[in-house]
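Asker:
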Amino acid sequence: DGGITQSPKYLFRKEGQNVTLSCEQNLNHDAMYWYRQDPGQGLRLIYYSQIVNDFQKGDIAEGYSVSREKKESFPLTVTSAQKNPTAFYLCAAGGGVNQPQHFGDGTRLSIL
Amino acid sequence: GQNIDQPTEMTATEGAIVQINCTYQTSGFNGLFWYQQHAGEAPTFLSYNVLDGLEEKGRFSSFLSRSKGYSYLLLKELQMKDSASYLCAVLGLGGFKTIFGAGTRLFVKA
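Chains A and B, in that order, are what the protein sequence lines are.
In our numbering, each residue carries its 1-based index in the first sequence increased by 91.
In our numbering, each residue carries its 1-based index in the second sequence increased by 900.
As structure tokens, then:
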């Protein structure tokens, strides 16, 4: 099946711990994105990558890190510096003029 | 700054028509998207407008006025499954960053 696969679906983080959210795509898109969604708020851009081995900070990058070593993969690490990580995290690929973004099913991160 | 405004919540009756408005102020414009998002799920694409006017796609239509920074999504013959959040999103300058509104939660009642 073609699409965006995010794992895990639910993730719990202990204080001081780094956790990594996985995002894999088989749609052959160059661009990939990470968004954070909090209740009652829209999607806020954390990081994006337009091409392999390159990525840019979005609007709320502090406390997060990413890598883009392969076209198919764009993992997001939530570091201990992110003091309020509880949120729904969405990965997307594609998007542009007349091209909607395709989203994964999301990872819900909570603090233990 | 960049801003997208849409109502927080709306309620409508099954079988009726509902219009969800969106106003935007962004640096650069390369089109406006509407997405549907059920609770806890991924957003799914509904429509795209880049030129002024109405785009119709089955029960869903979307309108754009670039001069007014305004769009609306029209849902006809509402069904219970249409209960969801509807996200207005603008593709900004450069054509690769999308700015999302907070979404409108639509409740369809019997």
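Don't be surprised by glycine CBs; every beta carbon is placed ideally from N, CA and C.
Which residue's Cα is closest to the Cα of residue 1006/B: 955/B, 988/B, 911/B and 991/B?
Answerer: Taking the first residue of the second sequence as position 1, residue 1006/B is located at position 106. The shortest CA-to-CA distance from residue 1006/B to any of 955/B, 988/B, 911/B and 991/B is the one to 911/B.
Asker: Buried or exposed, going by whether 16 or more other CB atoms sit within 10 Å of the CB of residue 175/A?
Answerer: To locate residue 175/A, count along the first sequence from 1; it is residue 84. In summary, residue 175/A is exposed, with fewer than 16 beta-carbon neighbours lying within 10 Å of its beta-carbon over all protein chains present.
Asker: Helix, strand or coil for residue 981/B, going by three-state DSSP, please let me know.
Answerer: By 1-based counting over the second sequence, the position of residue 981/B is 81. Helix, per DSSP.
Asker: What do you get for residue 982/B, buried or exposed, if any count of 16 or more other CB atoms within 10 angstroms of its CB means buried?
Answerer: Position 82 of the second sequence, counted from the first residue, corresponds to residue 982/B. Counting Cβ neighbours within 10 Å, residue 982/B comes out buried, since at least 16 surround it.
Asker: Under 9 Å Cβ-Cβ, which residues of chain B neighbour residue 122/A?
Answerer: Taking the first residue of the first sequence as 1, we reach residue 122/A at position 31. Within 9 Å Cβ-Cβ: 996.
Asker: Using a Cβ cut-off of 8 Å, which residues of the region 928-959 of chain B contact any Cβ in chain A, in chain order?
Answerer: 930, 931, 933, 935, 940, 941, 942, 943, 944, 945, 948 and 950
Asker: May I ask which residues mark the beginning and end of the beta strand (DSSP E) holding residue 176/A?
Answerer: Indexing the first sequence from 1 puts residue 176/A at position 85. First-last for residue 176/A: undefined, no H or E at that position.
Asker: Which same chain residues, not among the five before or five after residue 139/A, have their C-beta less than 8 Å away from its C-beta?
Answerer: Here residue 139/A refers to the residue found at position 48 when the first sequence is read from its first residue. Result list for residue 139/A: 122, 123, 124, 125, 146, 147 and 149, in chain order.
Asker: DSSP three-state label for residue 992/B, please.
Answerer: Here residue 992/B refers to the residue found at position 92 when the second sequence is read from its first residue. The answer is coil: DSSP assigns residue 992/B none of H, G, I, E or B.
Asker: Determine the direct distance from the alpha carbon of residue 104/A to that of residue 159/A, and round the result to whole angstroms.
Answerer: Counting from 1 along the first sequence, the entry for residue 159/A is found at position 68. Counting from 1 along the first sequence, the entry for residue 104/A is found at position 13. When rounded, the distance between both Cα atoms is 23 Å.
Asker: Going by DSSP in three states, residue 926/B sits in which element: helix, strand or coil?
Answerer: Within the second sequence, the letter at position 26 stands for residue 926/B. Residue state, collapsed to three classes: coil.
Asker: Residue 928/B and residue 133/A look like a contact to me (Cβ under 8 Å); what is the Cβ gap, rounded to whole Å?
Answerer: The count along the second sequence starts at 1 and reaches residue 928/B at position 28. The count along the first sequence starts at 1 and reaches residue 133/A at position 42. Going by Cβ atoms, the distance from residue 928/B to residue 133/A rounds to 18 Å, so no, they are not a contact pair.
Asker: What residues in the region 175-200 of chain A bring their beta carbon closer than 7 Å to a beta carbon of chain B?
Answerer: 181, 186, 187, 188, 189, 191, 192, 194, 195, 196 and 197
Asker: Among 163/A, 168/A and 164/A, which one has its Cα closest to the Cα of residue 156/A?
Answerer: Residue numbering aside, residue 156/A sits at position 65 when the first sequence is read from its first letter. Looking at the Cα atoms, 168/A is the closest of the given residues.
Asker: Quick check on residue 198/A: buried or exposed, where buried means 16 or more other Cβ atoms within 10 Å of its Cβ?
Answerer: Numbered from its first residue, the first sequence carries residue 198/A at position 107. Under this definition residue 198/A is a buried residue.
Asker: Contact defined as beta carbons within less than 8 Å: I believe residue 959/B pairs with residue 977/B. What is the distance between those atoms, to the nearest angstrom?
Answerer: Counted from its first residue, the second sequence places residue 959/B at position 59. Counted from its first residue, the second sequence places residue 977/B at position 77. With a Cβ gap of about 5 Å, residue 959/B and residue 977/B count as contacting.
Asker: Classify residue 905/B as helix, strand or coil using the three-state DSSP reduction.
Answerer: For the purposes of this step, residue 905/B is taken as the residue at position 5 of the second sequence. Reduced to three states, the DSSP call for residue 905/B is strand.
Asker: Taking the C-alpha atoms as reference points, what is the distance between residue 954/B and residue 142/A?
Answerer: As a working note, residue 954/B is residue 54 in the second sequence. As a working note, residue 142/A is residue 51 in the first sequence. Between residue 954/B and residue 142/A, the C-alpha separation is close to 34 Å.
Asker: Thinking C-alpha only, which one of 908/B, 917/B and 903/B is nearest residue 979/B?
Answerer: To locate residue 979/B, count along the second sequence from 1; it is residue 79. In terms of Cα proximity to residue 979/B, the closest of 908/B, 917/B and 903/B is 917/B.
Asker: In the DSSP assignment, what residue or residues form a beta bridge with residue 1005/B?
Answerer: Within the second sequence, the letter at position 105 stands for residue 1005/B. Per DSSP, the beta bridge partners of residue 1005/B are 909/B and 985/B.
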